Structure formats: C-alpha cells, structure tokens
Amino acid sequence: MLIKVEGLKKDYVNEEVVTKVLHGLSFSIEEGEFVSIMGPSGSGKSTLMHILGFLDRASHGKYEFEGRDVTSLSDDELAAFRNEKIGFVFQSFNLLPRTSVLENVKLPLLYSSKPHHNATKRAQEVLEQVGLGHRLGFFTNQISGGEKQRVAIARALINNPSIIFADEPTGNLDSKSGTQVMAILQALNDAGHTVILVTHETFTSEHAKRIIMMKDGLIVEDKKVTHRRIAKDTELIK
Amino acid sequence: MIKGAFSALNASRRRSILTMLGIIIGVAAVIIIMAIGSGAQALILSQFETFGSNLIGVLPGKSEQNGPPAAVFGVTITTLTLDDAIALGQKNNVPHAIAVEPVSQGAGTATWRSESYDTTFFGTSADYIEVEGGELESGRFFSADEVDSTARVVVLGSTVKTELFGQSDAVGQNIRLKNTVLTVIGVMKERGTVAFQNYDDQVILPITTLQKLILGVNHLGFLRVKVDDGANIEQTMIDVTETLRERHGIKDSSGLSDDFTIQSSRDAIETLTTVTSGLSFFLAAMAALSLLVGGIGIMNIMLIRVVERTREIGLRQALGARRFDIMSQFLTEATAITLSGGIIGIVIGELMSVLITLVAQQMGYDWPFSFSLVAIIVAVSVSVAVGLIFGLYPAAKASKLDPIEALRYE
Ligand SMILES: Nc1ncnc2c1ncn2[C@@H]1O[C@H](COP(=O)(O)OP(=O)(O)OP(=O)(O)O)[C@@H](O)[C@H]1O
Ligand SMILES: [Mg+2]
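Here it is as structure tokens:
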C-alpha cells in the first residue's frame, strides 16, 4: 500500500476564523495506479494533494505513506520525503527564470541527501524521456508553454519518485500541448510510475484509470474508468 | 548554490551595484586606512628612529599661536646666526648638548668639467654626521678646523656624485658651486629620504664656506642640538631657550617675544602621529558609516527579493529544500553582493593607496607601496560579515515561509 488515508480533515484557521476544507476523507492508493482527483473549483482537490505530497499537514485523521505514519514526521523529514518520494507538476510550471532547462531539471538534486555523480547525465535522460533532449541549453524564456510543462515533468522525475502529483498540468496549455503532457503521464504510468492527477475537467480525468470525485471537502464517488482515454497527438484535449 | 547566488545577483545588476556602493566605499576606506596607517605611521616612526629622537630643532622666528614658524613657509628670517650655534655648543650654556649642527641651505648648480647638476647646497658643521647620521662611501668628512678656516672642500651626496661623475672617482676632483671652486673630499653613501629630507640629492660643505663664499649671508636656516640622553631633553630645551634669549636680549620669559622656535623631535613625532591617527580615525568612522548604510541597503534589497521570489521559495520547498537550505541560499546571496562590493572596494582602495604612494614618492618621501595581505583579509572578512549580519533577517524571513502560502502567492 502506497497511500492510506483515514478520516482526513483539514481546517484552516485565519485570525480565529476556522474554514473547514476537508471533512474526513478515507481511501487508499496502490503502487502503479493512475488516479485522478476530480471536482469543482474550491472542493479541496489542491488541499488534499498538498497534504498527500507532504507540503501541508492534516488537522485530523491518519495518513500512512509506504506504511509509515506521516503525522509524526518533522518539517525537515517532510522536506526530505518531498525531495525523494514526490515529483510535483504545477499548473503554472514554476520554472526558475534566467536558468537553463538542464539546470531547472537538476534543481531537486541540490536538496538531495544522496550523492549524485552523474547529475547532468541523469537530467539528460529524463529530458529525453519527455522529448526535450534537444533543448538542454535553452533558457526557460526561450521555450513554449508545452515545453515548459514537459521540463517540469522531467524535473519531477529526476529523483525517481514513488509518486507524481500533477495539479491541473494542462490548465495553462493549448490542446495540442495538453495532449502531449497527458500522453507523457500515461507513458510514465505504463512504465510503472504512480500518478495522481488533479483536475476539474471530466475529459482530462478520463485519461486516468481511477477517478476520486470530490465535492465540498468530501469524496462523493470513487470509481474505475471504464472507457479510458488514450492521449494521442491526433486526439486534442480541449 | 554559490553559482546560483551570483546569477541571481547578475539579474538585477544595476540595483545590486547601487546597493553595493556603501560596501564599496566602506571597504575601500578600510584598505586606505590600513595602507596609510601602516605606510605613513611606519614611515614617520622609522624616519625618526634612524634620525634619532634625542634631537632638538631650533628655527628662526616665533611660532604663530597654532601654526608652525614662518620659516617653514620659506620666509627668510635672519634672527639665528652661527654665533648662536657656537654659544649653544659651549658646555656652560647647554651642559647636555653633545653636538650642535648649524644649517644654512641654498640651491644652485654644481659643475664638473662639462657636467652640471642642480642641487641643494647644505652648509653645516663637522657635527653633521653625529647629528644627522649617515656614512661615507669614500674619502672623509670635513673637520671643525676646516669649518673655522672657511676651507674650500665639499662632500657629495650619492645622487650628485652619480650625476656629475658617473662611475669615475670624485674624491680629489674640483667642482664649482655657482662660481666657487671646491675640492671634493668625500662621497656619502646612498641614504634616501629620511625625516622628510632627501639626503642624497645635496652637496655638504662647511657652513662658513657656504655663507661667506657662495650665498653671502650670515643667518642660519635652522640648527639642531643633539642631547646626550632622552631624559635630559626637557632640561636642554630650557637651557637652549635661556641661552638664546640672553644672546638676543629678550627679557620676557613668557615666550611671547621670542624670535626663535624650539621643538624636540619627540614633539614632532607626537604631532605627526596625532595627525595620521586623526586621519585614520576619520577614515575608520567613514568606513563604519558606509558599511552600516551599505548593510541596511543589503537588508532592504534582500527583503524585496524575498518577497519577489516568494513563489520560487515555495517551489524550492516543494522540491525538498529545508528551512536551512532556504536560509543559506539567501545568506549566500547577501554575502555574494557584499563580497562583490568588497572586491570592487579592495580594487579601488588599492588603486587609491598606489596613488597616495606615488604622490608621496613624487614629493620625495621614501614611502614604500605596502600591499598588505592582512588588509585584504580584513576587507574580505568585513564584507562577508556585513552580508551575513544584514542578510540574516531577510534570510530567516524567507526560510519561515509556509510552502503552501508561498506556492499560492501571486
Ligand atoms: N490558507 C487558507 N485559508 C483559508 N481557506 C483556504 C486556504 N487555502 C484554501 N482555502 C480554501 O479551501 C478551499 C479549497 O481550496 P483548494 O485550493 O483545495 O480547491 P481546489 O479544489 O483545488 O480548487 P481549484 O479547482 O480552483 O484549484 C477553498 O474554498 C479555499 O478558499
Ligand atoms: Mg486547485
């Protein structure tokens, strides 16, 4: 079992005002799954992803990752977990400006406790995996949005994480680039990576194998995708 | 990480350079202080050490209330004579004087055959070596008898010897000073500028010869008295003053009517030390102020950067950066700015020191260019320290950002 969540709650407290965002979620995710977390805006998808990705802590409930209780970990341990276990892909790419594609991809290695002898070779490898082997020396302002997102995926892959979290990865892309990104995520899942995709679009979510549907901080549906969509360059994501 | 810090720096170069200005000025001041401090102070002290600190100088003319005597500015005052010097040399007048050196100076051309050279004529007594120090390269110095008899003899400073004679022997040759023919009896060893006086570029001759045969004057430029022991300097100054007052018919013991000025070389050292340490203090205050202003500038720019790069900080945290990593990143950046400023400051400071050295050497002082490794280490440490101290607060602020809030920051 990769992820096991029981009665997970999240309350935000701002100046005595308590905002209840997650109201007790329970589910588990196995290794090799491709799950999409679906739901309308404000339903708590990103909040859940941040907790699952060790960026935030739950207010109540249990969260076990690879059989370990996460709630007892210190901030620095969480940071190490993020570095080694998790690859994040964000809607807004979050690449460093005025920095080359290669350096961006190597960034997580800066915070890695493991020695990395062939950092550049490894970065080249993952960039080739996302079809950007020819853009190594380019600066991030010299490449397209679709290419930026693929750089972000390469960066997520560099530490060979247990799980890839993608929060609206196609949200800022045209349909052709979006399709390419989905195709890469599917290829990674086929290669054995666990992928968790956050989206509010049904069409995008149907590229996963399983959909967890959220509404107002609760899981309203958890189902297998019966007619899974396969991203091809000919099939355009809206 | 250091590379990253410098490239972030490069991105906002103009702003960074403005911020660095305080550091640049501060560090340059530190370098100059150390150069002047060690250069000037060492120069002054060593000059007086080789020169001897048991000396009393007497200048003609009354010292103004707060300034040096008029003679210093080239005004000719004729109140001091060779007879005064002879009187001071008598044991019953000044018991602790072991040598009295009257000095009269002029400038003119020295000629040997077809060679001629413009130099200083230094007329003095046989006590010259005893008071001023210095050694003979060849030949001998003139005797008291030769002074008394207005002998036509001269001793050459090493520069004059080389200018007139080159490699050939000078002793025994006749040279002309203005229109007077004198026999060279000795050549001084090279000595350089000591106590702000160039000993090599001069000819030394009996004061009587200079006064009567060449300049046609009767007064002294100044005179120097060498005291047997440092402990007797004050007593000797009183003895000299009383002897001169008596000879000049001055009854007023307040000193207001004196027509001479007396000063010991110790006073001179103290005065000069006061001046240089005052200068150093001024520069040090300026350095401290510039570094403070620079430091506050650094703090300010780093706070702006932390806000500007909130999302980047969030991203780095998402990629696994710990609080310590974020903290050291911003500390490194702050230090990179101050260190760059420091290096520019060191270069400017060294250039200024070279300039000061060149000016001093141009003025004839034996001021060596001191490239001080210690000064550079101090300057580098100071710049790094300013970066660390003033970068600490912004860096701590950055490291305390919540990853989620930082990532959501617009
Ligand atoms: N720091 C916070 N303090 C208070 N409320 C918050 C905070 N962060 C998020 N929320 C609230 O939590 C709820 C869920 O936010 P979340 O970002 O998880 O939604 P989402 O499902 O990802 O929406 P979207 O599809 O628009 O990205 C929202 O109503 C939001 O206003
Ligand atoms: Mg969201």
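Which chain is which? The protein sequence lines are A and B, in order.
Using my numbering, read the first sequence as starting at 1 and increasing by one per residue.
Using my numbering, read the second sequence as starting at 239 and increasing by one per residue.
Note that beta-carbon positions come from the ideal geometry of N, C-alpha and C, so glycine has one too.
Given the structure is predicted, the values throughout are model-derived calculations rather than measurements.
Note to self: My parser needs the beta strand (DSSP E) runs of 3 or more residues fully inside the region 542 to 593 of chain B; what are they?
What the structure shows: Counting whole runs of 3 or more residues, the region 542 to 593 of chain B contains no beta strand (DSSP E) stretch at all.
Item checked: Simplified DSSP assignment, three categories, for Glu31/A -> In this structure, Glu31/A counts as coil in the three-state DSSP scheme.
Item checked: Residue environment, Gln440/B, which counts as buried when at least 16 other CB atoms sit within 10 Å -> Counting every other CB atom within 10 Å of its CB across the protein chains shown gives Gln440/B a total of 16 or more, marking it as buried.
Notebook entry, point to check: Closer than 8 Å, CB to CB, is Ile262/B near chain A or not?
Noted result: Chain A has no Cβ within less than 8 Å of the Cβ of Ile262/B.
Note to self: Is there a Cβ of chain B sitting closer than 8 Å to that of Pro108/A, yes or no?
What the structure shows: With 8 Å as the cut-off, Pro108/A counts as an interface residue toward chain B.
Checklist line | As assigned by DSSP and simplified to three states, the class of Leu453/B | finding: Residue state for Leu453/B is assigned as helix, using DSSP reduced to three classes.
Notebook entry, point to check: Listing by chain order, which chain B residues have their CB less than 8 Å from the CB of Phe88/A?
Noted result: Ordered by position in chain B, the residues that pass the 8 Å Cβ test against Phe88/A are Ala556, Leu557.
Next item on the list: With DSSP as the reference, label Gly377/B as helix, strand or coil.
Entry: Gly377/B carries a strand assignment under DSSP once its states are collapsed to helix, strand and coil.
Margin query: Rounded to whole angstroms, what is the Cα-Cα separation between Leu8/A and Ser621/B?
Written below: Looking at the two C-alpha atoms, the distance is approximately 50 Å.
Next item on the list: Report back the beta-carbon spacing between Val268/B and Val618/B to the nearest angstrom; my notes put them in contact at under 8 Å.
Entry: Not confirmed; about 10 Å, so no contact.
Item checked: Close beta carbons around Val225/A, own chain, < 7 Å, minus the five adjacent residues each side -> For Val225/A, where only same-chain residues beyond five positions count, the Cβ hits under 7 Å are Glu206, Ala208, Lys209, Arg210, Ile211.
Item checked: Paired residues, beta bridge with Gln599/B - DSSP -> Here Gln599/B is not bridged, per DSSP, to any residue.
Note to self: Does Asp407/B come out as helix, strand or coil in the three-state DSSP assignment?
What the structure shows: In the structure shown, Asp407/B sits in coil (DSSP, three-state: anything other than H, G, I, E or B).
Check: Looking at the structure shown, is Ala79/A part of a helix, part of a strand, or coil, going by DSSP?
Finding: Of the three classes helix, strand and coil, the one that applies to Ala79/A here is helix, per DSSP.
Note to self: Considering only heavy atoms of ligand 3 and the C-beta of each residue, which residues fall inside 5 Å, strictly closer?
What the structure shows: Here the bound small molecules are ligand 1 and ligand 2; ligand 3 is not part of this structure.
Note to self: Alpha carbons only, please: which of Lys427/B, Thr595/B, Leu320/B, Phe403/B is nearest the one belonging to Trp350/B?
What the structure shows: Measuring from the Cα of Trp350/B, the nearest candidate turns out to be Phe403/B.
Notebook entry, point to check: Does the beta-carbon of Thr19/A have 16 or more other beta-carbons within 10 angstroms, so that it is buried, or is it exposed?
Noted result: It is exposed - the Cβ of Thr19/A has fewer than 16 other Cβ atoms within 10 Å.
Notebook entry, point to check: Closer than 9 Å, Cβ to any Cβ of chain A: which residues of the region 524 to 553 of chain B, in chain order?
Noted result: Within the region 524 to 553 of chain B, contact with chain A at the beta-carbon level (separation under 9 Å) is assigned to Arg549, Glu550, Gly552, Leu553.
Note to self: Please confirm whether Asp75/A has its beta-carbon closer than 8 Å to some beta-carbon of chain B.
What the structure shows: Taking Cβ atoms only, chain B reaches closer than 8 Å to Asp75/A, which makes this a yes.
Item checked: Beta-carbon gap between Lys45/A and Val198/A smaller than 8 Å -> Closer than 8 Å, so yes.
Notebook entry, point to check: Is it right to say Leu589/B is buried, meaning 16 or more other beta carbons lie within 10 angstroms of its own, or is it exposed?
Noted result: Leu589/B sits exposed, since fewer than 16 C-beta atoms from the chains shown fall within 10 Å of its C-beta.
Checklist line | Where Gln555/B falls, given that 16 or more other Cβ within 10 Å makes a residue buried | finding: Burial is judged here by how many other beta carbons sit within 10 angstroms of a residue's own beta carbon; Gln555/B has at least 16 and is buried.
Next item on the list: Look at Tyr366/B and Glu339/B and say whether their C-beta atoms are less than 8 Å apart.
Entry: Using a Cβ distance threshold of 8 Å, Tyr366/B and Glu339/B count as a contacting pair.
Next item on the list: Please go through the region 6 to 60 of chain A and give each complete alpha helix (DSSP H) segment of 4 or more residues, from N-terminal end onward.
Entry: For the region 6 to 60 of chain A, whole alpha helix (DSSP H) runs of length 4 or above, ordered along the chain, are 45 to 52.
Next item on the list: Decide yes or no for the touch test of the region 155 to 163 of chain A against the region 107 to 122 of chain A: beta carbon pairs closer than 8 Å, at least 3 of them.
Entry: A contact exists between the region 155 to 163 of chain A and the region 107 to 122 of chain A.
Check: Hey, would you say Leu448/B sits closer than 8 Å to Met426/B, going by beta carbons?
Finding: Cβ atoms of Leu448/B and Met426/B: not closer than 8 Å.
Check: Shorter than 8 Å from the beta carbon of Asp56/A to some beta carbon of chain B?
Finding: Interface residue, yes.
Note to self: Taking 7 Å as the cut-off, is the beta-carbon of Val35/A closer than that to any non-hydrogen atom of ligand 2?
What the structure shows: Of the heavy atoms belonging to ligand 2, none sits nearer than 7 Å to the Cβ of Val35/A.
Next item on the list: Would you kindly work out how many angstroms separate the C-alpha atoms of Gly42/A and Gly580/B, rounded to a whole number?
Entry: Pairing Gly42/A with Gly580/B, the inter-Cα distance amounts to about 51 Å.
Note to self: Between Ser254/B, Val265/B, Ala572/B, Ile471/B, which has its C-alpha nearest Ala523/B's C-alpha?
What the structure shows: Closest by alpha carbon: Val265/B.
Next item on the list: Express the C-alpha separation of Leu569/B and Ile263/B in angstroms, rounding to a whole number.
Entry: Taking the CA atoms as reference points, Ile263/B sits about 22 Å from Leu569/B.
Checklist line | Outcome for Phe65/A when other beta-carbon atoms lying within 10 angstroms are tallied against a minimum of 16 | finding: That one is buried.
Next item on the list: Would you check whether ligand 2 has a heavy atom nearer than 7 Å to the C-beta of Asp56/A?
Entry: Taking the Cβ of Asp56/A as the reference point, every heavy atom of ligand 2 lies at 7 Å or farther away.
Next item on the list: Find out if the Cβ-Cβ distance for the pair Ile3/A, Ser26/A is shorter than 8 Å.
Entry: In this structure, Ile3/A keeps its C-beta atom at 8 Å or more from the C-beta atom of Ser26/A.
Next item on the list: Measure the Cβ-Cβ separation of Ile575/B and Gly625/B and say whether it is below 8 Å.
Entry: A distance below 8 Å separates the beta carbons of Ile575/B and Gly625/B.
Next item on the list: Rounded to whole angstroms, what's the CA-CA distance from Glu84/A to Leu517/B? Just pull it up for me.
Entry: Between the alpha carbons of Glu84/A and Leu517/B lies a distance of about 59 Å.
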